[in-house]
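Everything below concerns the one structure shown next.
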C-alpha cells in the first residue's frame, strides 16, 4: 500500500490576528500561493497523493482554497472537527482513512523539504514513529528534543524557559507513523502529539527516531515572520535575477521604478513613476501611485496606495486604501480600511474602518 498523508489545519492562528480574522492561517499567501500548498507539494513530490486534512476554524474557506490549489491527481478529503480534538486527537478521528504507514504535517507552517527522504529513513530503521527536527535561534515557543547518539529521542520539553533550555533543536511538526501507534490515542478527549502521545509511546517502550530536515521550515505565526516567509520563498523560487536579487514578477515593471531584494509582484499590479519596492510582496491587482516607497512588507490583493506614501515592515490586508503621503511602519492593517491623507501608523494592528485625517 502507498503512504498516505494527514495535514492538521484547524488552528485559529491567533498570533497572526487581525490577518486571520478574514483568512484561515493555512491559506495566508506566501510568494503567490497559500502556505498549506508548500507542504501539499512536498507530500505530492514524495508520492503522497491521498491526503486527509483535519480542520475546524473557517473550514468552508479552507476547503475552497485547498481544492483550488491542489494538483489534479491529488485525492484530498476533509475531516471537520466540531470541537478541538488536539493534534493527535484529530488524526485519531481520521483513523478509518489510515491503513498503512502515514505522514503527518502541520498545514499552517511553512514547510518545504524532501519528505521522501524522511519516509525512506523511517522504513530503513523499521521505526514506529519518526519525527522531523529543525534548528532555531529561539526555541522558547516550541517543543525541544534531546537526541541520543543513534538518532532517537531521549526527552522532550514543550516551550522551555531560558533556564530550562537544553537544545535549540525543535519538533518541526512532521511525523512518519505506523498505524499501530494509533492505539495509544484515546477517543473523545483532546490529545496532542508532543505533549501526550510521544511521552506515552516512549513510556510503553516505543523508540522515536528523528530526522533533521534540510529545507525550509518557518512558523509564520507573527506578521514579521510572514514577511520573512515571503522573502525566503521568493529567494528560493524566484525566476529572474536582477542586480543580484531573486524576484517573481508577474506584471511589467515600468521604467523608472526601482525593484530590489527578494520581491514578488503579482498580476495586474500597476506602479507609478519614481516608486520603489524593496524585499516586499505585492499581490494581484494592487495599484501603487507615484513616489511610493515599500520596504520589507506584504501588500495583499486589490489595495490602493496613493502618491508619496511610505510603508515599511508592515502587512496590509486586501482592499485597503492608503491615502496620499501616509507613513506606515511595523504595523498590520486589516482588510477594507481607508487611511486618509497624511496618516501616521506606527507599531500597531488596525482593524477600524476609518482613520481620520490627522492634518
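Numbering (the UniProt record's numbering), first residue to last: 1 to 359. Each residue gets a CB set at the ideal place from its N, CA and C atoms; glycine is no exception. Being a predicted model, the structure only gives us computed values, none of them experimental.
Counting only the Cα atoms, residue 189 lies some 21 angstroms from residue 143. Here the alpha carbon of residue 209 sits roughly 13 angstroms from the alpha carbon of residue 172. Minimum Cα-Cα distance from residue 236 among the listed residues 179, 261, 255 corresponds to 261.
Looking at 93, 308, 307, the one whose alpha-carbon comes closest to that of residue 183 is 93.
At a Cβ-Cβ threshold of 8 angstroms, residue 51 and residue 4 count as neighbours.
Put simply, the region 27 to 43 touches the region 222 to 238. At least three CB pairs are less than 8 angstroms apart.
Beta bridge pairing from DSSP links residue 70 with no other residue. A Cβ-Cβ contact shorter than 8 angstroms links residue 289 with residue 307. For secondary structure counted as the alpha helix (DSSP H) over 4 or more consecutive residues, the region 190 to 219 holds these complete runs in sequence order: 198 to 203. DSSP lists 265 as the beta-bridge partner residues of residue 249. Selection 205, 113, 69 evaluated against residue 45 yields 113 as nearest (Cα-Cα). When the Cα atoms are used, residue 249 and residue 348 turn out to be separated by approximately 30 angstroms. Rounded to the nearest whole angstrom, the C-alpha separation of residue 256 and residue 320 is 25 angstroms.
In summary, residue 346 is exposed, with fewer than 16 beta-carbon neighbours lying within 10 Å of its beta-carbon over all protein chains present. Cβ neighbours of residue 325 within its own chain (closer than 7 angstroms, five residues either side excluded): 308, 309, 341, 342. Secondary structure of residue 125 (DSSP, three-state): helix. Boundaries of the beta strand (DSSP E) harbouring residue 143: 143 to 147, taken from the DSSP string.
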